[in-house]
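Protein sequence lines correspond, in order, to chains B and E.
The UniProt record's numbering puts the first residue of the first sequence at 1, with every later residue one more than the last.
The UniProt record's numbering puts the first residue of the second sequence at 1, with every later residue one more than the last.
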Amino acid sequence: MGTADVEAVWRIESARIVAALTRFTGDFGLAEDAAQEAVAEALVSWPLASPANPAGWLMATARRRAIDAIRRRAALRDRYALVAADLAADAAVDEGIGPDRIDDDVLALMFVSCHPVLSPEARVALTLRVVGGLSSEEIARAFLVPVPTVQARITRGKKTIAAAGVPFELPQGAERRERLGGVLSVLYVIFTEGSTATSGDRLLRPDVAYEAIRLARTLAALQPDEPEVHGLLALCELTAARFPARTGPDGSPVLLDEQDRRRWDLSAIRRGLAALAKASTRGLGPYGLQAAIAATHASAPSVEATDWDRIVVLYEALGRVAPSPVVELNRAVAVAMASGPAQALAIVDELIALDRLPGSHLVPTVRGELLARLGRRPEARAELELAARLCANQRERSVLLRKAARLS
Amino acid sequence: MPKYLLIMRGTDESNAAMMADIDEMMATTRQFIEEMVKAGVLLAAEGLDDPGQGVVVDFSGEAPVVTDGPYGETKELFGGFFLLDVASKQEAVEWAKRVPAAPGAKIEVRRVPGSDEVPQVDK
């Protein structure tokens, strides 16, 4: 077995192993270290002799490393006997772990990795590494940061969890709902990094988006009664369904109105619509509403034949449950399609007057488009050039500059 | 991301072994499916009925010719599939190794190319 085989087994097992060890030891950081040691050992020993049961091998090795670490620590504190007794009891429990218990442990692991005491960057790194089973190198590649940066975020994150005394348990009652929202936003940040790369020379990184979809599917399986989990999954599936049409042969972005809709992934659309149906059982939340907007696009044969009135209504609803300047800007785009550019320009100008999205390239991008449609070409050109200066993604920037040039 | 189809190929021998303890097989398969759902990788899974119930539509001639199954000389018969959305071919293989299959059965692992891999004509 080679490195890729070890990584494949780890992808499948990491969440369960780290979750089980965290429950045994009560120490998330220790569990994660022990699990990583087991993977490192597997990378050395599996190519020489493949274990008959790779998953069992990883779990047993990780457990031994955890016990070693606790013994070292216990010796220091002269608590050896006490801890050894606890471990024996845990080992007995381990023989009879039911699937429900493992599910709860994996869910608890997601809640810990996305805990509000952690920095947003640490939440993303820990979730991908611990729950998703990605290596630091893979996470670094996904977020275009150096490997030591990822390692530092993970180390710091584990220290923060320990220092804050975050318990390994499922939050209950109202806290559960609130913390679930935190988990969803971490998954959405990961997805967004893949669907609209904030920097770099590529517009899309489908492999990063895939990790978010996979984690969202796991969460939907573990929390089937939470509509917003299905809403997020629907949003991700429906957005990813357009990936094949979103870049041209040379990698340049293709905007919605110019996309070849025959390239949209029909299977992903069907999965997205199925998830959206589950999300709408008790009225849509912010993710469900965004998914409903994506679904409206997905079911339209063309830009002209899109139900823009419905999209405007959905954006209005979204603006009420999750007010944000970006939602306002998107509403303006929908209003332009439903009722014309003049009304939309008023919405954008109000955003500018209130300085709600300072420094964003999106505002001048939309304003430029609207001015162009109104025939105010010199103003439109200036806006698009401003947008290009503010945009960090090279691919998007060149599209903006091309559009501006066409207006001269 | 690439998807993979795990194609179950049974023989008379493996089918007989499976049918001998069908309740046990159904239970372990159900458990395996749940595991893949929770891992976020399963897109679809189906098992097929007795090949004797099938028909074959043959396009060798000018018009399609319909004949009843079974298929004649075939030693291994397609008996069901799992469609997975995984990170790598190695992961697809790792899942394939975990399929509850009766002795003699085989699982073929085939990649499903994404629609983004269809060549695009530069306009």
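In this text, a Cβ means the ideal position worked out from N, Cα and C, and glycines have one as well.
Residue range of the unbroken beta strand (DSSP E) whose run includes residue i
| i | result |
| --- | --- |
| E46/E | L42 to G47 |
Identity of the residues DSSP links to residue i by a beta bridge
| i | result |
| --- | --- |
| E3/E | Per the sequence shown, residue 3/E should be read as Lys rather than Glu. DSSP lists D85/E and V112/E as partners of K3/E. |
| T247/B | P253/B |
| P8/E | This sequence places Met at residue 8/E; Pro is not what is there. Answer is G80/E and I107/E, bridged to M8/E. |
| D58/E | V65/E |
Nearest-angstrom Cβ-Cβ length linking residue i and residue j, presumed shorter than 8 Å
| i | j | result |
| --- | --- | --- |
| A295/B | L255/B | Not a contact, Cβ separation roughly 19 Å. |
| P117/B | V166/B | Note that residue 117/B is Val in the sequence shown, not Pro. Right, the Cβ-Cβ distance comes to about 6 Å (below 8 Å), so this counts as a contact. |
| A105/E | M8/E | 6 Å |
| A234/B | A279/B | 6 Å |
| I161/B | F28/B | 5 Å |
| V186/B | C114/B | 5 Å |
| V9/B | E94/E | 6 Å |
| E46/E | F81/E | 6 Å |
| P325/B | L357/B | 4 Å |
| R377/B | V348/B | Not quite, the Cβ-Cβ distance comes to about 17 Å (not below 8 Å), so this is no contact. |
| E379/B | L390/B | Contact flag wrong, Cβ pair sits at about 17 Å. |
| K3/E | L43/E | 7 Å |
| M1/B | W57/B | Rounded, the Cβ-Cβ distance is 11 Å, inconsistent with contact. |
| V55/E | D68/E | 6 Å |
| R217/B | G40/E | 3 Å |
| P253/B | R246/B | 7 Å |
| V99/E | A221/B | Actually they are not in contact, since the Cβ atoms of V99/E and A221/B sit about 19 Å apart, beyond 8 Å. |
| L203/B | R395/B | 5 Å |
| E121/B | A55/B | Actually they are not in contact, since the Cβ atoms of E121/B and A55/B sit about 30 Å apart, beyond 8 Å. |
| A298/B | D307/B | A298/B to D307/B, Cβ: 12 Å. No contact. |
| T11/E | E62/E | Not really, about 35 Å apart at Cβ, beyond 8 Å. |
Extent of the continuous alpha helix (DSSP H) run through residue i
| i | result |
| --- | --- |
| F32/E | I22 to K38 |
| G157/B | V147 to A163 |
| N330/B | P325 to S339 |
| W10/B | T3 to T25 |
| P206/B | P206 to L222 |
| L180/B | G173 to S195 |
| G133/B | No alpha helix (DSSP H) holds G133/B; DSSP gives it neither H nor E. |
| Q36/B | F28 to S45 |
| A125/B | P120 to L126 |
Cutoff 8 Å: residue i Cβ touching any chain C Cβ
| i | result |
| --- | --- |
| V9/B | Here the protein chains are B and E, and chain C is not one of them. |
Review point. If you measure beta-carbon to beta-carbon, which residues of the segment 32–48 of chain E are closer than 8 Å to chain B?
Key: E34, V37, K38, A39, G40, V41 and L43
Exercise for review: For the segment 237–322 of chain B, list the alpha helix (DSSP H) runs that are entirely contained and at least 4 residues long, ordered along the chain.
Suggested key: 243–246, 266–279, 286–298 and 308–321
Check your understanding: In chain order, what residues of the segment 205–227 of chain B put their CB closer than 9 Å to some CB of chain E?
Key -> P206, D207, A209, Y210, E211, I213, R214, L215, A216, R217, T218, L219, A220, A221 and L222
Practice item. Would you mind listing the beta strand (DSSP E) stretches within the segment 372–399 of chain B that are 3+ residues and don't spill past its ends, in chain order? Key: none
Check your understanding: At a Cβ cut of 8 Å, what residues of the segment 11–43 of chain B count as close to chain E, listed as they run along the chain?
Key -> R11 and I12
Review point. Going along the chain, which residues of the segment 100–133 of chain B sit with their C-beta nearer than 8 Å to a C-beta in chain E?
Key: D103 and V106
Check your understanding: In chain order, what residues of the segment 239–253 of chain B put their CB closer than 8 Å to some CB of chain E?
Key -> F243, P244, G248, P249 and D250
Review point. Taking any Cβ of chain E, which residues in the segment 260–280 of chain B have a Cβ under 7 Å from it, in chain order?
Key: R263 and D265
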